[in-house]
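K.L.:
Residue numbers (the working numbering): -8 to 322. One structure follows; several queries about it will come next.
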Amino acid sequence: MTSSKSPILSARIEHWPIAGSFTISRSAKTEAVTVVAEVCRDGLTGRGECVPYPRYGETPEATLAALQAMQEPMARGLDRQALQAAMPAGAARNALDCALLDLEAKASGQRIWTLLGRPAPRPCTTAYTISLGSPEAMAAATAKAAHRPLLKIKLGGDGDGMRIAAVRKAAPESELIVDANEAWTADSLERNLADCAQAGVTLVEQPLPAGQDAALARIRRPLAVCADESVHDRASLDGLRERYDAVNIKLDKTGGLTEALVMADAAQALGFQIMIGCMVATSLAMAPAMLLVPQARFVDLDGPLLLARDRDGGLRYDGSLVYPPEAALWG
């Protein structure tokens, strides 16, 4: 029998329509499917949101089941520190880790950054994503977003040189970063990097497939290259320094903010630039990642901007400027 102070865990799948569609090198979708975890104790509720990612074999149904399997351990007193070993890094642990952090903040009456002894996040510029398409379609989408200071361009293989040239012409003043989502090959790598450098791109994410990226250590990289699918948590940082200049930290990969904060410290100590990334999701999923902003060179937390609508009480976006979460949303 559990006491009245034992936390009660619940979880559910949510569907959030995307404004138009979201296309990368390996998939296209018209809605974001998220899983929300809620932990209730003593009249308070902590919330966390995750996005199961098929690239890593995750599904919403399996993620929901993984969270439901933690109901009994939670009722027996499993805390956030023990959670790190009780669940593998991934979307399910992210939702529960962030829910527990939210609950800790509510119970303490403090903002979570104060509770954790981290710098308070400040408003920052987020990237805005341009989906993969034909050069003409991408140029048209870019022209509508050319007022934004930082654009993230999805590329996908053949014809990428024409795509990035068209995008640059449509947004001559914006800083550009590129995400190839593992779509390039060792044969096309140097040509595509040169095309990006010619277009004034600042950074390229994950040009080669994870596990097949050794070529990055054998070439002169004309611009910064960032690991995404090749990096998950602290354990995956080893061996990346010769291949990558930056790492993309996403809470759905690290398994929550607890690991992400430690990973960011470790990555900085190894000399990596830090990018804070996200999946397409609501502000509830973005809010915890704001604690990583003080360490980030690049912030990519535009998930809610890509939705047809965000959840009530979401993050404040003023153009590309995103503000820290209000306490009512998270933390």
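From the three backbone atoms N, C-alpha and C, an ideal C-beta is built for every residue, glycine too. Fair warning: this is a prediction, and the values are worked out from it, not measured in the lab.
For residue 104, collect the residues of the same chain with a Cβ closer than 8 Å to its Cβ; drop the 5 residues on either side in sequence, then sort them by chain order.
P.N.:
Here residue 104 refers to the residue found at position 113 when the sequence shown is read from its first residue. Cβ within range, chain order: 110, 111, 112, 282, 322.
K.L.:
For residue 204, verify whether its CB is less than 7 Å away from any heavy atom of the ligand FMN.
P.N.:
This structure simply doesn't include the ligand FMN, nor any ligand for that matter.
K.L.:
Ordered along the chain, which non-local residues of its own chain (more than five positions away) have a Cβ less than 6 Å from that of residue 126?
P.N.:
Position 135 of the sequence shown, counting from 1, holds the residue named residue 126. Cβ neighbours of residue 126 beyond the five flanking positions: 153, 154, 157.
K.L.:
At the level of alpha carbons, what is the spacing between residue 7 and residue 272?
P.N.:
Position 16 of the sequence shown, counted from the first residue, corresponds to residue 7. Position 281 of the sequence shown, counted from the first residue, corresponds to residue 272. Rounded to the nearest angstrom, the two C-alpha atoms are 8 Å apart.
K.L.:
From what residue to what residue does the beta strand (DSSP E) around residue 192 run?
P.N.:
Here residue 192 refers to the residue found at position 201 of the sequence shown. It spans 192 to 196 - the beta strand (DSSP E) in which residue 192 sits, taken as one unbroken run.
K.L.:
State the CB to CB distance for the pair residue 22 and residue 9, rounded to an integer number of angstroms; the pair is presumed to be in contact (CB under 8 Å).
P.N.:
Here residue 22 corresponds to residue number 31 of the sequence shown, with the count starting at 1. Here residue 9 corresponds to residue number 18 of the sequence shown, with the count starting at 1. About 6 Å separates the two Cβ atoms, so the contact holds.
K.L.:
Can you have a look at residue 139 and say buried or exposed, based on whether 16 or more other CB atoms are within 10 angstroms of its CB?
P.N.:
Position 148 of the sequence shown, counting from 1, holds the residue named residue 139. Under this definition residue 139 is a buried residue.
K.L.:
Looking at C-alpha atoms only, which residue of 141, 55, 205 is the closest neighbour of residue 192?
P.N.:
Within the sequence shown, residue 192 is the residue found at index 201, counting from 1. When the alpha-carbon of residue 192 is set against those of 141, 55, 205, the nearest one is in 141.
K.L.:
With distance defined between alpha-carbon atoms, name the residue in 288, 230, 222, 241 nearest to residue 194.
P.N.:
The residue you call residue 194 lines up with position 203 of the sequence shown. The candidate whose alpha carbon is nearest that of residue 194 is 288.
K.L.:
Taking the alpha helix (DSSP H) that residue 239 falls in, what are its first and last residues?
P.N.:
In the sequence shown, the residue the question calls residue 239 occupies position 248. Taken as a continuous stretch (DSSP letters only), residue 239 belongs to no alpha helix (DSSP H), being part of the beta strand (DSSP E) at 237 to 240.
K.L.:
Report yes or no: do three or more beta-carbon pairs, one from the segment 83 to 95 and one from the segment 26 to 44, lie closer than 8 Å?
P.N.:
yes
K.L.:
Give me the residue from -3, 5, 73, 124 with the minimum Cα distance to residue 250.
P.N.:
Here residue 250 is taken as the residue at index 259 of the sequence shown, counted from 1. Closest by alpha carbon: 73.
K.L.:
Assign residue -7 to one of two classes, buried (16 or more other C-beta atoms within 10 Å of its C-beta) or exposed (fewer than that).
P.N.:
Stepping through the sequence shown from its first residue, residue -7 is reached at position 2. With a pLDDT of 39 at residue -7, under the threshold of 50, the predicted position of this residue should be treated as unreliable, and no value is reported.
K.L.:
Are residue 51 and residue 26 touching if we call contact CB-CB under 8 Å?
P.N.:
By one-based count along the sequence shown, residue 51 stands at place 60. By one-based count along the sequence shown, residue 26 stands at place 35. Yes, these two residues count as a Cβ contact at 8 Å.
K.L.:
Whose C-alpha, out of 143, 5, 236, 229, is nearest the C-alpha of residue 290?
P.N.:
Counting from 1 along the sequence shown, the entry for residue 290 is found at position 299. Checked all of 143, 5, 236, 229; the closest Cα to residue 290 is 143.
K.L.:
Starting from residue 210, trace the alpha helix (DSSP H) in both directions and tell me its first and last residue.
P.N.:
Translated into positions along the sequence shown, residue 210 becomes position 219. Unbroken run through residue 210: none, as it is neither H nor E.
K.L.:
Within 8 Å, do at least three Cβ pairs link the segment 290 to 303 to the segment 67 to 85?
P.N.:
no
K.L.:
Just to confirm the assignment, what range does the alpha helix (DSSP H) spanning residue 152 have?
P.N.:
If you number the sequence shown from 1, residue 152 lands on position 161. Residues 151 to 161.
K.L.:
Starting from residue 186 and walking both ways along the beta strand (DSSP E), at which residues does that stretch end?
P.N.:
In the sequence shown, residue 186 corresponds to position 195, counting from 1. Counting along the chain, residue 186 falls outside any beta strand (DSSP E), though it belongs to the alpha helix (DSSP H) covering 180 to 189.
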